[in-house]
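Order-wise, the sequence lines are chains A and B.
Sequential numbering from 2 applies to the first sequence in the numbering used here.
Sequential numbering from 445 applies to the second sequence in the numbering used here.
Each residue gets a CB set at the ideal place from its N, CA and C atoms; glycine is no exception.
For reference, the structure discussed in these notes is given below.
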Amino acid sequence: QKEVEQDPGPLSVPEGAIVSLNCTYSNSAFQYFMWYRQYSRKGPELLMYTYSSGNKEDGRFTAQVDKSSKYISLFIRDSQPSDSATYLCAMSVQGGSEKLVFGKGTKLTVNP
Amino acid sequence: ETGVTQSPTHLIKTRGQQVTLRCSSQSGHNTVSWYQQALGQGPQFIFQYYREEENGRGNFPPRFSGLQFPNYSSELNVNALELDDSALYLCATTDRAWAGNTIYFGEGSWLTVV
């Protein structure tokens, strides 16, 4: 079993839809949870960073962490064509410079 | 703009050859990590350098090696290239002094081994 599981999709939605992206993990020691956006042939860009359980909101993006279920989610409201990218979840035991364990990424397309 | 620059952006090598990839980061980012991202996969941790010493290694063989220099630049060297080494190689830097969302990735170097 991989440490982090993420459905690779692809996921295709119409503009304005609410998008839900999810990851599950097996290592209960993970405490720091991140979502990265990666455009085609580019490096990952940090979107959201959450410590432990709970919700965090930033504009149209909401990150949720449920440590009891070992499940994290990213919600995108009012999705735009510019949101079309691959979304990677990542986790670490310690924050800062600790190595990140990534999911495979979910490829999202938002259609105008 | 992350302040992390990688070179070259693309290169093609032949199986058995050696390759050196380079990364430079903004001043103060004393920790650099390298990741390998195969097509359709998430990045996999190769190793990390802190103050010019290796500080953690993923499940990669010794033919993957690195260097970090005092000017915050670093290198990833891969010897005896194999076809499966074809991937995007990402450099990520941070200031180790505090935990937080300060891990910056470069745009990567695309390596194709033929």
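### Task
Could you please give the first and the last residue of the uninterrupted beta strand (DSSP E) stretch that includes B/S471?
B/S471 -> no beta strand (DSSP E), and no H or E assigned at all.
### Task
Would you list the one or two residues that DSSP bridges to A/F103?
DSSP lists A/A91 as partners of A/F103.
### Task
Quick one: using the 10 Å Cβ neighbour count with 16 as the cut-off for buried, is A/K3 buried or exposed?
Label assigned to A/K3: exposed.
### Task
Can you say whether B/H473 is buried or exposed, counting buried as having 16 or more other CB atoms within 10 angstroms of its CB?
Residue environment: B/H473 is assigned as buried (16 or more neighbouring CB atoms within 10 Å of its CB, all protein chains considered).
#### Entry: Residue environment, A/Y33, which counts as buried when at least 16 other CB atoms sit within 10 Å
Burial state of A/Y33 is buried, judged by a 10 Å Cβ sphere holding 16 or more other Cβ atoms.
### Query
Would you say A/K105 and B/G486 are within 8 Å of each other, going by their C-beta atoms?
In terms of Cβ geometry, A/K105 and B/G486 form a close pair [threshold 8 Å].
### Task
Could you spell out the range, first to last residue, of the beta strand (DSSP E) harbouring B/L511?
B/L511 -> beta strand (DSSP E) spans 508-512.
### Query
Any idea which residues DSSP pairs B/R501 with across the strands?
Answer is B/F491.
### Query
Using DSSP with H/G/I as helix, E/B as strand and the rest coil, what is A/D67?
A/D67 falls in the strand class under three-state DSSP.
#### Entry: Contact the region 516-523 of chain B vs the region 88-102 of chain A: 3+ CB pairs below 8 Å
As far as the Cβ criterion goes, the region 516-523 of chain B does not touch the region 88-102 of chain A, which means the pair count is below three.
### Message
By the 9 Å beta-carbon criterion, what residues does the region 27-55 of chain A contribute toward chain B?
### Response
Sequence-ordered contacts of the region 27-55 of chain A with chain B read Y33, M35, Y37, Q39, R42, K43, G44, P45, E46, L47, M49, Y50, Y52 [C-beta pairs closer than 9 Å].
### Task
Using alpha carbons as the reference points, say which of A/E6, A/F103, A/V102, A/M92 lies closest to A/Y50.
The shortest C-alpha separation from A/Y50 is found at A/M92.
### Query
When the Cα of A/W36 is compared with those of A/G17, A/S80, A/T110, A/V102, which residue comes out closest?
Nearest to A/W36 by C-alpha distance, out of A/G17, A/S80, A/T110, A/V102, is A/V102.
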